[in-house]
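Structure first, commentary second.
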Amino acid sequence: MGIGEWPEGERPREKLIAMGSQALSDAELLAIFLRTGVRGRSAVDLSRDLLMNFGGLRPLLEAGREQFCSAHGLGDAKYVQLQAALELSRRHLETLLVRGDVLNSSQTVRRYLSAQLRDAGHEIFAALFLDSQHRVLRFEKLFTGTLDSAAVYPREVVKQALAVGAGAVIFAHNHPSGVAEPSDADRRITTRLTEALGLFDIRVLDHFIVGDGEVLSFAERGLL
């Protein structure tokens, strides 16, 4: 039976319109994206198969082109559409940050940093440079490293902050291991950066560690 023959309240599109996107399962949301199934399998059936084969929604969304396109029912067109949708989501989060005081948008900051850093296979150290009213001036990926470390140079961070006229900074880096717990090195570099920027009256508001499903805040942990 095709989706068009299902009761109206069970069809993904109609369900979304009636109840909102949050009411849909991963398979139902994916089915709307796919639009059509394959011979003998509805879009929802195909979505369930894909989620099972990839091991969940996140591995599917993070799959490279070759792996993604090799799955039954997918291809270059779907891969391009998906990458465009993911980039639109990242840019939407960025526009939300730019609108106002990031200190009043802590969850948006977390989602944005997670979208930017979570999926990298190596460590990236980044900064949100803010003006004196805590509005976003620029997001910069400053340093990259190996799987478990990144070389961070306070002089370069100060240079970037002064160049954009920052009054405050929020730092962030990812842990490719997925464990969002600060290491001794994380604590030391945060202290060094705070001291270096403090010489120029630039405040460090927070340092986030992006893990797998968790974004840890130094400020909330009392580490700043």
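For the sequence shown, this note's numbering assigns the number 1 to the initial residue and increments by one for each residue that follows. Cβ coordinates follow ideal geometry from the N, Cα and C atoms, glycine included.
| Asked | Found |
| --- | --- |
| On the three-pair Cβ rule with 8 Å, is the segment 75-85 touching the segment 173-181? | no |
| Evaluate Lys-15 with the Cβ neighbour count: other Cβ atoms within 10 Å of its Cβ, from every protein chain shown; 16 or more gives buried, anything less gives exposed. | buried |
| Tell me whether the segment 43-58 and the segment 87-96 touch, counting them as touching only if at least three CB pairs, one residue from each stretch, are closer than 8 Å. | no |
| Who are the near neighbours of Ala-31 in its chain, counting only those whose CB is closer than 6 Å to its CB and skipping five residues on each side? | Pro-12, Ala-43, Val-44, Ser-47 |
| With DSSP run on the structure shown, which of helix, strand or coil describes Met-19? | helix |
| In the DSSP assignment, what residue or residues form a beta bridge with Lys-141? | Ala-126 |
| By DSSP, does Arg-203 sit in helix, in strand, or in coil? | strand |
| My output table needs one value for Leu-224: the three-state DSSP class, helix, strand or coil. | coil |
| Considering only the beta carbon of each residue, do Val-204 and Leu-113 sit closer than 8 Å? | no |
| Note down, in chain order, each residue of its chain lying with its Cβ closer than 6 Å to the Cβ of Gly-167, except the 5 sequence neighbours on either side. | Asp-131, Ser-132 |
| Check Leu-93 in the structure and name its three-state DSSP category. | helix |
| Could you check the C-alpha separation between Ala-161 and Ala-115 for me, to the nearest Å? | 23 Å |
| Reducing DSSP to helix, strand and coil, say where Arg-39 ends up. | coil |
| Distance, Cα to Cα, Lys-141 vs Ala-120? | 12 Å |
| Does the distance from the CB of Glu-94 to the CB of Asn-174 come in under 8 Å? | no |
| For Ala-172, list the residues DSSP reports as bridge partners. | Ala-126, Phe-208 |
| Ile-189 and Ala-127: beta carbons closer than 8 Å? | no |
| Arg-35: which of Ile-17, Gly-73, Asp-201, Glu-62 sits nearest, CA to CA? | Gly-73 |
| With a threshold of 16 other CB atoms inside 10 Å of the CB of Asp-76, please say whether the residue is buried or exposed. | exposed |
| Of the residues Asp-206, Gly-56, Arg-41, which one's Cα is nearest the Cα of Ser-25? | Gly-56 |
| So what does Leu-216 bridge to, in DSSP terms? | Ile-209 |
| Relative to the C-alpha of Thr-194, which candidate in Arg-110, Glu-220, Arg-118, Leu-224 has its C-alpha closest? | Leu-224 |
| Which same chain residues, not among the five before or five after Arg-65, have their C-beta less than 6 Å away from its C-beta? | Tyr-79 |
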